[in-house]
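Take a look at the structure below.
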Amino acid sequence: MLAEIVENTMLLIIAIYKCLKLLNNSKQLHYRGFVFIRQGGELWTPYCLMYTLYMNTQMPHSTWVEIELEAIKNNVRYFSDNSDANLMVIVKANAYGHGALPVLETALRAGAGWCGVARADEALELRRAGIQCPILVLGFTPLSVIEELIVNNISMAAWDIEHLKDVDVIAQKIDMPARIHLKVDTGMGRIGVYYRDALDVARYLNGTQSLLFEGISTHYARAHEADIAPTMEQNNRFCNVVGLLRQAGICPSLVHSENSAAIINRLDPKWNMIRLGIAMYGLDPSEDCQCPDDLRPALTWKTQLSQVKHVPKGIGISYGHKYITSGPEIIGTVPTGYADGYRPYGEKTVLVRGKRVSVVGAVCMDQFMVRLDSVPGAAVGDEVVIIGCQGMDRISAEEVALGWNTINYDVVSSIGSRVPRVYV
335 MLAEIVENTM
345 LLIIAIYKCL
355 KLLNNSKQLH
365 YRGFVFIRQG
375 GELWTPYCLM
385 YTLYMNTQMP
395 HSTWVEIELE
405 AIKNNVRYFS
415 DNSDANLMVI
425 VKANAYGHGA
435 LPVLETALRA
445 GAGWCGVARA
455 DEALELRRAG
465 IQCPILVLGF
475 TPLSVIEELI
485 VNNISMAAWD
495 IEHLKDVDVI
505 AQKIDMPARI
515 HLKVDTGMGR
525 IGVYYRDALD
535 VARYLNGTQS
545 LLFEGISTHY
555 ARAHEADIAP
565 TMEQNNRFCN
575 VVGLLRQAGI
585 CPSLVHSENS
595 AAIINRLDPK
605 WNMIRLGIAM
615 YGLDPSEDCQ
625 CPDDLRPALT
635 WKTQLSQVKH
645 VPKGIGISYG
655 HKYITSGPEI
665 IGTVPTGYAD
675 GYRPYGEKTV
685 LVRGKRVSVV
695 GAVCMDQFMV
705 RLDSVPGAAV
715 GDEVVIIGCQ
725 GMDRISAEEV
735 ALGWNTINYD
745 VVSSIGSRVP
755 RVYV
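See below:
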């Protein structure tokens with residue numbers, strides 16, 4: 335026992351020394367309350383370094399997410415190597431829950447040239463963290479942040495002439511161009527100028543002094559489905575819009591419509607930029623549109639057993655006693671709950687010692703319970719895998735989504751901010 339304590343203490347001292355040495359000799363930046371460090375082109379956090387050096391002796395968190403940056407690199411490189419188009423990687427919603435800054439840094443080294451986010455604050459956060467690549471805000475941008483976007487050389491989607499007039503006034507005031515990508519609604523029914531009216535907005539945009547008509551785009555509503563007819567209809571509408579613009583002498587430098595599903599299904603290879611979202615993370619756009627075998631998921635969600643106890647027959651488990659033990663059972667408690675993004679509904683299983691065990695009783699805010707009868711040797715501290723591999727088994731984000739009656743995008747992007755992301 336004493337020898338083990340001494341060994342663990344020495345490992346901790348070595349890890350702290352190496353971490354402090356790296357901090358002292360590296361460029362630091364701040365992002366989302368964490369201090370990141372760069373050395374030799376690689377991005378690390380002090381916690382990530384400590385985790386890498388010290389994982390075998392101590393884990394300070396009860397639940398955590400591991401992000402394999404090599405998987406991100408592999409996935410991005412697959413698409414960059416197989417396309418001549420500019421590659422925009424989508425890192426909105428904190429990179430679908432994976433961590434925007436480490437993911438983007440990795441993607442840029444793997445061949446990406448642009449990044450896309452949903453909101454202005456996401457773009458500005460990345461600029462402040464030192465990201466220099468072109469950034470496009472794909473969603474709505476309030477007038478209150480237009481000036482800051484222009485000053486930081488951040489492009490924005492737009493579709494309304496009245497809004498563009500206001501943007502033009504702001505750009506003229508600071509004597510800097512606003513970079514605009516015209517968003518065209520060809521069938522998504524969401525933001526964007528209706529495709530039949532796109533030429534009018536394009537003419538206005540092209541005729542201003544302070545608005546730089548940098549790009550034009552659309553978004554497919556059903557590219558992830560087996561039936562490609564609706565997507566081809568949208569594509570034809572977009573082609574017609576781009577053709578009308580070119581006939582009018584309006585030629586924005588970037589044209590883009592392909593999302594992950596369209597890229598995988600090779601539905602629209604003619605434009606000069608593609609937008610890589612869910613597939614960058616190794617996740618399928620849908621059951622009908624699955625990632626190539628060369629891609630691999632980057633995210634694993636882990637926790638551990640905080641208690642294991644033998645419970646007699648007839649005992650209620652968790653709030654409301656929705657589960658009653660049918661006989662003597664081994665019940666384990668896991669320190670993860672719906673506040674962490676683990677949904678309180680649907681059929682759920684997790685992995686313990688390489689075996690699937692069922693979640694029983696109501697999921698609490700910070701905890702849930704599992705039945706461990708099939709794992710009689712389970713003990714406090716044993717690793718529990720919610721998403722990922724353990725032993726010979728694997729629970730995918732897609733499987734979790736099916737049990738929760740949602741999609742994998744929702745599962746990973748909803749993992750709570752209090753769950754630390756660890757980069758391995």
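FYI, the numbering for the sequence shown is 335 to 758, going by my numbering.
All C-beta atoms, glycine included, are put in the ideal place defined by N, C-alpha and C.
If you're wondering where the values come from, they're calculated on a predicted model, not measured in any experiment.
Starting from N420, follow the beta strand (DSSP E) in both directions and report where the run begins and ends.
N420 to I424
Using 8 Å as the Cβ pair cut-off and three pairs as the minimum, do the stretch 441-456 and the stretch 631-650 touch?
no
From Y757, E567 and L442, pick the residue whose C-alpha is nearest to that of G521; which is it?
E567
For K643, which three-state DSSP category applies?
strand
Under three-state DSSP, which class holds R411?
helix
Taking contact to mean at least 3 C-beta pairs separated by less than 8 Å, is the stretch 429-443 in contact with the stretch 452-462?
yes
Helix, strand or coil: which one does DSSP assign to H395?
coil
Below 8 Å CB to CB, which residues in the same chain sit around G523 once its five sequence neighbours on both sides are set aside?
A555
Determine the DSSP secondary structure at G804, reduced to helix, strand or coil.
Outside the displayed range of the chain (335 to 758) lies residue 804, so it cannot be described from this structure.
Going straight from the alpha carbon of Y388 to that of R687, what length do you get?
The predicted position of Y388 is uncertain, since its pLDDT is 43 and thus under 50; no value can be drawn from it.
Three-state secondary structure (DSSP) of K760
The structure shown has nothing for residue 760, since the chain only spans 335 to 758.
Can you give me the Cβ contacts of A454 inside the same chain, cut-off strictly under 8 Å, excluding the 5 residues immediately before and after it?
V471, T475, P476, V479, E482, L483, I488 and M490
Inter-residue spacing [alpha-carbon to alpha-carbon] between F547 and Q638
52 Å
Counting Cβ pairs, one atom from each stretch, are 3 or more of them under 8 Å apart for the stretch 707-727 and the stretch 656-670?
yes
Could you say which of A434, I608, N416 and S414 lies nearest to L403 if we only look at CA atoms?
A434
Would D618 be called buried (16 or more neighbouring beta carbons within 10 Å of its own) or exposed?
buried
What residue range is occupied by the uninterrupted alpha helix (DSSP H) comprising H515?
That residue, H515, is in no alpha helix (DSSP H); its beta strand (DSSP E) goes A512 to D519.
Just to confirm my understanding: we take V410, look at its own chain, exclude 5 residues before and 5 after, and list those with CB closer than 8 Å. What are they?
L421, V423, T440, A441, A444, G445, A446, L610 and M614
Per the contact definition of three or more C-beta pairs closer than 8 Å, is the stretch 692-703 in contact with the stretch 646-660?
yes
Classify N569 as buried or exposed, calling it buried when 16 or more other Cβ atoms lie within 10 Å of its own Cβ.
buried
Please classify Y381: is it buried, with 16 or more other beta-carbons within 10 angstroms of its beta-carbon, or exposed?
Model confidence at Y381 stands at a pLDDT of 42, short of 50, so the residue's coordinates are unreliable; what they give is reported in the following sentence. Classification of Y381: buried, given that the 10 Å Cβ count is 16 or more.
Can you tell me whether Q568 is helix, strand or coil according to DSSP?
helix
Exposed unless 16 or more other CB atoms sit within 10 angstroms - verdict on R705:
buried
Out of N408, A712, R690 and L516, point me to the one whose CA is closest to D727's CA.
R690
Euclidean distance between Cα positions of Q543 and D502
8 Å
Starting from E496 and walking both ways along the alpha helix (DSSP H), at which residues does that stretch end?
I495 to I508
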